[in-house]
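Asker:
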Amino acid sequence: METAAQEVQRITRFEDTPEYRHFAARKQALLSDTDNPYFIAHDSPLTDKSFMDGQWVLNFGSYNYAGMSGRQEVSEAAIDAIRRYGTSASGSRLLAGEKTLDRELERAIAQWKHTEDALVLVGGHSTNVTFVGNFCHDGDLILYDALIHNSVAEGCRLAHATARPFPHNDWEALERILERRRDKFAKVLICVEGVYSMDGDISPVPEFVRIKKRYGCFLMVDEAHSTCVIGETGGGVDEYFGLAPEDIDIKMGTLSKGLGACGGYLAGSASLIEYLRYSLPGFVFSVGISPALAAATLCAVQLMQTDPSIMENLRRNVACFAQEARKRRLDIGLAGKTAILPVLVGPDADAWALSNHLRHRGVFVPPAVYPAVPKDQARLRFCVTAAHRPEQIVEALNKLEETACELGIALPRIPE
Ligand SMILES: Cc1ncc(COP(=O)(O)O)c(C=O)c1O
815 METAAQEVQR ITRFEDTPEY RHFAARKQAL LSDTDNPYFI AHDSPLTDKS
865 FMDGQWVLNF GSYNYAGMSG RQEVSEAAID AIRRYGTSAS GSRLLAGEKT
915 LDRELERAIA QWKHTEDALV LVGGHSTNVT FVGNFCHDGD LILYDALIHN
965 SVAEGCRLAH ATARPFPHND WEALERILER RRDKFAKVLI CVEGVYSMDG
1015 DISPVPEFVR IKKRYGCFLM VDEAHSTCVI GETGGGVDEY FGLAPEDIDI
1065 KMGTLSKGLG ACGGYLAGSA SLIEYLRYSL PGFVFSVGIS PALAAATLCA
1115 VQLMQTDPSI MENLRRNVAC FAQEARKRRL DIGLAGKTAI LPVLVGPDAD
1165 AWALSNHLRH RGVFVPPAVY PAVPKDQARL RFCVTAAHRP EQIVEALNKL
1215 EETACELGIA LPRIPE
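Numbering-wise (my numbering), the sequence shown opens with residue 815 and increments by one.
1. Within the same chain, show all residues whose beta-carbon is closer than 8 Å to that of A891, passing over the 5 residues directly before and after it, in chain order.
2. Quick one: Cα of S782 to Cα of S1100, how far?
3. How would you label I1154, buried or exposed, when you count the other beta carbons within 10 angstroms and need 16 or more for buried?
4. Return yes when the Cβ of F1032 is within less than 8 Å of the Cβ of L1073, no when it is not.
5. Can you list, in chain order, the residues of its chain with a C-beta nearer than 8 Å to that of L1107? Leave out the 5 residues immediately preceding and following it.
6. Using 10 angstroms around the beta-carbon of W870, count the other beta-carbons present and answer buried if the total reaches 16, otherwise exposed.
7. What does the Cβ neighbour count give for P1105, buried or exposed, with the cut at 16 atoms within 10 Å?
8. Suppose the cutoff is 6 Å on Cβ atoms and the five residues either side in sequence are ignored; what does the same chain contact list for V1187 look like?
9. Taking the alpha-carbon positions, what's the T831 to E1230 distance?
10. Can you name the start and end residues of the alpha helix (DSSP H) that Y877 belongs to?
11. From R897 to A977, what does the alpha carbon distance come to, in whole angstroms?
12. C950 by DSSP, collapsed to three states: which one?
13. Would you mind sorting G868 into buried or exposed? The rule is 16 or more other CB atoms within 10 Å of its CB.
14. In chain order, what residues of the same chain have a beta carbon less than 7 Å from the beta carbon of E1037, not counting five sequence neighbours either side?
15. Have a look at the DSSP bridge pairing and note the partners of D931.
16. Measure the C-alpha to C-alpha separation of Y1184 and K927 and round it to an integer number of angstroms.
17. Under the assumption that G1048 contacts T1041 (Cβ atoms under 8 Å), give the Cβ distance between them as a whole number of angstroms.
18. Output the boundary residues of the beta strand (DSSP E) element that contains I1207.
19. Output the distance between the C-alpha atoms of R907 and C1134, rounded to the nearest integer angstrom.
20. Got a sec, what are the start and stop residues for the alpha helix (DSSP H) G1096 sits in?
21. Mapping DSSP to helix, strand and coil, what is A839?
22. With a CB to CB cut of under 6 Å and the five nearest residues on each side skipped, what residues in its chain are close to T861?
23. Check each candidate in P1018, E1205, S904, L988 and name the one with the smallest Cα separation from L1148.
24. Should D1234 be listed as close to ligand 1, given that the test is whether its C-beta is under 7 Å from any heavy atom?
25. Are G1096 and T1199 touching if we call contact CB-CB under 8 Å?
26. Are S965 and H939 closer than 8 Å when you measure CB to CB?
27. Expressed to the nearest angstrom, what Euclidean distance is found between the alpha-carbon atoms of V1023 and A1000?
28. Check the DSSP bridge columns for Q869 and list the partner residues they point to.
29. Have a look at the DSSP bridge pairing and note the partners of C1005.
30. Beta-carbon within less than 7 Å of I1146's beta-carbon, same chain only, minus the 5 sequence neighbours each way: which residues are those?
31. Please work out which residues of its chain come closer than 6 Å, Cβ to Cβ, to P1122, disregarding the five sequence neighbours upstream and downstream, and give them in chain order.
32. Taking the alpha helix (DSSP H) that F1055 falls in, what are its first and last residues?
33. How far does the beta strand (DSSP E) with C1197 in it reach, from first residue to last?
34. Under three-state DSSP, which class holds A1167?
35. To the nearest angstrom, report how far apart G1150 and V888 are at their CA atoms.
36. Which same chain residues end up closer than 8 Å to N873 when comparing Cβ atoms and leaving out the 5 residues on each side of it in sequence?
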């Protein structure tokens, strides 16, 4: 909107913008240049340990849940693909053409996710932005969990549709909205995550399936943190809850986390995926994933279904962390069944201090602070992977207790 000329102050240097000033003030108040817990350089794969500042530290900060990134078979699949195809897809698959490998990967994902077809895109975040941003139009409604990832929220901003949050996991509240408003809209898209990334809790997906059927809606589940984490073969929410193949309309996932590569996928009915293949802007107008990443992901999907030790180890580590945390009466909130196990700290400054001190003592765990989590509910976001060993988990929690004690930080405790 145009504003009257005399009211407008020209800004010609980025440093004078309100957004930069706000950022700079917050950074100066909260982060020191010498001990910043962000952008830590890890000069190794991110498995149970990683190499930083000239030493190996225990790593509890990666989403490499199944230990695929750094696993020999996966790296070799990527190297073979580079030798055969080079490093880039070099253009949109629609126009520039694709590799046989691209379709092989999509068929493998579809089979694993019990859908008719799947589409692979270059980024997990951009997959959500482009799908949510283009699936709904004027006269449609998007209802999303209040804790939904930023990528879905950005998609809602892009879509020419009405978009409303409902309280976290509160399917009863969702149902009340639909009772009142379903008939006012043509399509309704319900967006939830399989496992939530700040709390590590599993979404009550069967309730959402029931509701979407009752009110005639489309259900999209973002499985960034549920594929390779829950379900017998790490197949995600449908495998975990024993859902029918068609219960979820759009199964979205990332290739960057459990699958150890980079990219995103959308899995669903043949007609939906065919439509998206020819019309989704983030696919049609963007490059395909690199052959190395396609080959690595294909290898990872196959390993998930053929090597039961991956999920056995991950389940053992999740159970071990939850048990050790409870033994110490640390507050892990709703977590305990998935690979994300946040330990509640409280004030942002305490979470930063603990993260920095733990790193110097050989344990890497990133802080999650406001606005990613509610004010005064900062936490240390431990992620376990299949590659960890139980004694590493015990060591990390012991060091957390010692460090908190030395810094005079009273960690919140759950009642006995
Ligand atoms: C729930 C969720 N969806 C989507 C994404 C985006 O995925 P990517 O990091 O692979 O782009 C993330 C990333 O953290 C996520 O947590």
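For every residue, glycine included, the Cβ atom is placed at its ideal position computed from N, Cα and C.
As the structure is a prediction and not an experimental result, all values here were calculated from the model.
Answerer: Short version:
1. Here residue 891 is taken as the residue at index 77 of the sequence shown, counted from 1. Same-chain partners within the cutoff: A1109, A1110, L1112, C1113.
2. The structure shown does not extend to residue 782, since the chain is modelled only from 815 through 1230, so no value can be given for it.
3. For the purposes of this step, residue 1154 is taken as the residue at position 340 of the sequence shown. Counting Cβ neighbours within 10 Å, I1154 comes out buried, since at least 16 surround it.
4. Within the sequence shown, numbered from 1, the residue matching residue 1073 stands at position 259. Within the sequence shown, numbered from 1, the residue matching residue 1032 stands at position 218. No.
5. Reading the sequence shown from its first residue, position 293 is the one you call residue 1107. Result list for L1107: A892, L1069, A1075, C1076, G1077, in chain order.
6. For the purposes of this step, residue 870 is taken as the residue at position 56 of the sequence shown. Per the 10 Å Cβ criterion, exposed.
7. Within the sequence shown, the letter at position 291 stands for residue 1105. Buried: at least 16 other Cβ atoms inside 10 Å.
8. As a first step, residue 1187 must be located in the sequence shown, where it is residue number 373. If we look at V1187 and ignore the five residues flanking it on each side, its Cβ neighbours are M1012.
9. Against the sequence shown, residue 831 aligns to sequence position 17. Against the sequence shown, residue 1230 aligns to sequence position 416. Here the alpha carbons of E1230 and T831 stand approximately 51 Å from one another.
10. As a working note, residue 877 is residue 63 in the sequence shown. Segment: none, Y877 is in no alpha helix (DSSP H) and carries neither H nor E.
11. Indexing the sequence shown from 1 puts residue 897 at position 83. Indexing the sequence shown from 1 puts residue 977 at position 163. Each residue's alpha carbon lies about 46 Å from the other.
12. For the purposes of this step, residue 950 is taken as the residue at position 136 of the sequence shown. Looking at C950 - three-state DSSP - the assignment turns out to be coil, as it is neither helix nor strand.
13. By one-based count along the sequence shown, residue 868 stands at place 54. When all chains shown are included, G868 counts as exposed.
14. Taking the first residue of the sequence shown as 1, we reach residue 1037 at position 223. Cβ within range, chain order: G1008, G1050, V1051, K1065, M1066, G1067.
15. Working through the sequence shown from its first residue, we reach residue 931 at position 117. BP columns for D931 point to G1082.
16. As a position in the sequence shown, residue 1184 is number 370, starting the count at 1. As a position in the sequence shown, residue 927 is number 113, starting the count at 1. The straight-line gap from Cα to Cα measures roughly 34 Å.
17. Translated into positions along the sequence shown, residue 1048 becomes position 234. Translated into positions along the sequence shown, residue 1041 becomes position 227. Between T1041 and G1048 the Cβ distance is about 6 Å, and since that is below 8 Å, they are a contact.
18. Within the sequence shown, residue 1207 is the residue found at index 393, counting from 1. Where I1207 is concerned, there is no enclosing beta strand (DSSP E), although the alpha helix (DSSP H) it sits in stretches over 1204 to 1221.
19. The residue you call residue 907 lines up with position 93 of the sequence shown. The residue you call residue 1134 lines up with position 320 of the sequence shown. Spanning the two alpha carbons is a distance of roughly 44 Å.
20. Position 282 of the sequence shown, counting from 1, holds the residue named residue 1096. G1096 -> alpha helix (DSSP H) spans 1095 to 1098.
21. Taking the sequence shown and counting its residues from 1, the one referred to as residue 839 is at position 25. Helix, per DSSP.
22. Taking the first residue of the sequence shown as 1, we reach residue 861 at position 47. G881, G884, A1201.
23. Taking the first residue of the sequence shown as position 1, residue 1148 is located at position 334. Checking every option, the nearest Cα to that of L1148 belongs to P1018.
24. Residue 1234 lies beyond the stretch modelled for the chain, which goes from 815 to 1230, so this question has no answer here.
25. Stepping through the sequence shown from its first residue, residue 1096 is reached at position 282. Stepping through the sequence shown from its first residue, residue 1199 is reached at position 385. Not a contact, by the Cβ cut-off of 8 Å.
26. Here residue 965 refers to the residue found at position 151 when the sequence shown is read from its first residue. Here residue 939 refers to the residue found at position 125 when the sequence shown is read from its first residue. Yes. Within cutoff.
27. In the sequence shown, residue 1023 corresponds to position 209, counting from 1. In the sequence shown, residue 1000 corresponds to position 186, counting from 1. So the two alpha carbons sit approximately 19 Å from each other.
28. The count along the sequence shown starts at 1 and reaches residue 869 at position 55. Per DSSP, M866.
29. Taking the first residue of the sequence shown as position 1, residue 1005 is located at position 191. C1005 is bridged to Y958, M1034.
30. Position 332 of the sequence shown, counted from the start, is the residue given in the question as residue 1146. Excluding residues within five positions, the ones whose Cβ falls inside 7 Å are A1136, A1139, L1155, P1156, V1157.
31. The residue labelled residue 1122 in the question sits at position 308 within the sequence shown. Result list for P1122: empty, nothing under 6 Å.
32. Along the sequence shown, read from residue 1 onward, the residue named residue 1055 stands at position 241. For F1055, the enclosing alpha helix (DSSP H) begins and ends at 1051 to 1055.
33. In the sequence shown, residue 1197 corresponds to position 383, counting from 1. C1197: member of the beta strand (DSSP E) spanning 1192 to 1197, first to last residue.
34. Counting from 1 along the sequence shown, the entry for residue 1167 is found at position 353. Three-state DSSP puts A1167 in a helix.
35. Residue 1150 sits at position 336 when you count from the first residue of the sequence shown. Residue 888 sits at position 74 when you count from the first residue of the sequence shown. Those two C-alpha atoms are separated by around 29 Å.
36. For this step, residue 873 is matched to residue 59 along the sequence shown. If we look at N873 and ignore the five residues flanking it on each side, its Cβ neighbours are H856, L860, T861, D862, K863, S864, F1178.
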